[in-house]
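Here's the structure, in structure tokens; my notes come after.
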Ligand code: HEC
Ligand code: HEC
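Right under this line is the structure:
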């Protein structure tokens, strides 16, 4: 009984926090628009431009890490593409996280060993190092813990260390490389270390980051307007910080119950509830990053939105309780597309 009322209080407090931050960002968004207008007028009038580092924005710029061990990263690339991590040597991490396709497979559900289909949409591995926890339901606390998951998952790589280690250790070239980089042949720890080093390198700065660092021309006026509208509508309450997402949990369906009129509800729809078994965590997910979102359709954990326009409209309805006008959706999408890492732009 006591525990129940405590979770009720926590629930009420979190709802209050979301409402207050939404009000804050709506106000903040409007103020920022004003400020921006004066900046534009200045440059239009030919006044020499001052480089402003925009450190008062609710999203923050990212940069490629410079301290990673390059040789560990290279080994990580090899392991990430190595099908020997799977039971029948057919599936590598890259099978589902294709680096030239935005770090995803662009399928509603991934296909693992033996053609087995998963029950949730694959998120991108780009910028996953910025996430506060891994997986839609946050069941892995970091990338090292995450990496073990797919190897053992029966519908993904369907394998285990006892099977993988002898295979990798039979490859004398690979053993030599591991010895030279880690001082030991492939084992659980250094394989994971290599994968994580590689994943940490997958940080993708975009034109928006250059703009955040003060380069006015890095994004177009329309993209900037899309960003302001994104703030004004309150998207920023959940998609914020370095990842423009990836730093908090939220329920899918705050203003409208998304799952009310959904076709069959399956286990993966329960989200964080599957980890904590707390009723308040039902339908709660890690807010996903919006970086490279243009490259990673279909959208949502259940792949229920085919296009970005559809996803944005649905976010307005279910998360904010508003029907976002088509013209606003179009501009928000332009902003979201500008979040594509420049190295990934075709
Ligand atoms: C069969 C397809 C498949 C394979 C193989 C696979 N993944 Fe995934 N990956 C997924 C799916 C699906 C999810 C989401 C699962 C969930 O959240 O419950 C995921 C989630 C992740 C995440 C979390 C991202 C986030 O935003 O939470 C990371 C990181 C990741 N995978 C890395 C890897 C690595 C490293 C390997 C190889 C060791 C790998 N994956 C192999 C399909 C796959
Ligand atoms: C109250 C928090 C919240 C607000 C406000 C919010 N979102 Fe989301 N957003 C989420 C959550 C949670 C998900 C993951 C839902 C799922 O798949 O279960 C998500 C998913 C998305 C996705 C799909 C990401 C992917 O990888 O599939 C897009 C695109 C998106 N949001 C854009 C927006 C836009 C644009 C707005 C404003 C109109 C917005 N969001 C407002 C919480 C929020």
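In the working numbering, the protein residues as written are 1139 to 1484.
We put the CB at the ideal spot given by N, CA and C, even for glycine.
Residues that residue i bridges to, as DSSP identifies them
i, result
"residue 1387", "1424"
"residue 1122", "Given a span of 1139 to 1484 for the chain in the structure shown, any question on residue 1122 remains unanswerable."
"residue 1197", "1379"
"residue 1443", "1437"
"residue 1272", "1278"
"residue 1249", "1255"
Boundaries (first-last residue) of the alpha helix (DSSP H) holding residue i
i, result
"residue 1234", "1231-1234"
"residue 1328", "1326-1339"
"residue 1453", "1446-1453"
"residue 1320", "1310-1320"
"residue 1366", "1359-1371"
"residue 1306", "1299-1307"
Contact test: residue i Cβ vs ligand 2 heavy atom, cutoff 7 Å
i, result
"residue 1295", "no"
"residue 1411", "no"
"residue 1485", "Since the first residue shown for the chain is 1139 and the last is 1484, residue 1485 is missing from the structure and cannot be characterised."
"residue 1462", "yes"
"residue 1394", "no"
"residue 1315", "no"
"residue 1292", "no"
"residue 1246", "no"
"residue 1439", "yes"
"residue 1477", "no"
"residue 1397", "no"
"residue 1234", "no"
"residue 1457", "yes"
"residue 1323", "no"
"residue 1402", "no"
"residue 1258", "no"
DSSP state of residue i mapped onto helix, strand, coil
i, result
"residue 1215", "helix"
"residue 1242", "strand"
"residue 1344", "strand"
"residue 1476", "coil"
"residue 1255", "strand"
"residue 1486", "Given that the chain is displayed from residue 1139 to residue 1484, the structure contains no residue 1486 and the question cannot be resolved."
"residue 1395", "coil"
"residue 1459", "coil"
"residue 1288", "helix"
"residue 1294", "coil"
"residue 1351", "coil"
"residue 1221", "helix"
"residue 1180", "Note on residue 1180: pLDDT 35, under 50, position unreliable in the model; the coordinate value appears next. Three-state DSSP puts residue 1180 in a helix."
"residue 1192", "coil"
"residue 1206", "coil"
"residue 1483", "coil"
"residue 1471", "helix"
"residue 1226", "coil"
"residue 1260", "coil"
"residue 1431", "helix"
"residue 1374", "helix"
heavy atom of ligand 1 below 7 Å from residue i C-beta
i, result
"residue 1300", "no"
"residue 1390", "no"
"residue 1385", "no"
"residue 1444", "no"
"residue 1231", "yes"
"residue 1308", "no"
"residue 1472", "no"
"residue 1382", "no"
"residue 1274", "yes"
CB contact check: residue i to chain D, cutoff 8 Å
i, result
"residue 1451", "In summary, chain D is missing from the structure at hand, where a single protein chain is found."
Any non-hydrogen atom of ligand 4 closer than 7 Å to residue i Cβ
i, result
"residue 1197", "The model depicted lacks ligand 4 and carries ligand 1 and ligand 2 instead."
Margin query: Below 8 Å, how does it come out for the segment 1340-1351 and the segment 1264-1282: are there three or more Cβ pairs, yes or no?
Written below: yes
Margin query: Pairs of beta-carbons, one from the segment 1374-1387 and one from the segment 1266-1278, closer than 8 Å: are there three or more?
Written below: yes
Notebook entry, point to check: Below 8 Å, can you find three or more Cβ-Cβ pairs linking the segment 1390-1399 to the segment 1451-1464?
Noted result: At 8 Å Cβ cutoff, the stretches touch.
Next item on the list: Decide yes or no for the touch test of the segment 1221-1239 against the segment 1278-1295: beta carbon pairs closer than 8 Å, at least 3 of them.
Entry: yes
Margin query: Count Cβ pairs between the segment 1430-1441 and the segment 1401-1410 that sit closer than 8 Å; are there 3 or more?
Written below: yes
Note to self: Whether or not the segment 1350-1370 and the segment 1470-1484 are in contact is what I'm after, with contact meaning three or more pairs of Cβ atoms, one per stretch, closer than 8 Å; do they touch?
What the structure shows: yes
Check: Would you call the segment 1252-1259 and the segment 1209-1221 touching, i.e. three or more CB-CB distances under 8 Å?
Finding: Touching, no.
Note to self: With three or more C-beta pairs closer than 8 Å as the rule, is the segment 1272-1286 touching the segment 1325-1339?
What the structure shows: yes
Next item on the list: Indicate whether the contact test is met: 3 or more Cβ pairs, each with one atom in the segment 1230-1240 and one in the segment 1308-1325, closer than 8 Å.
Entry: No contact exists between the segment 1230-1240 and the segment 1308-1325.
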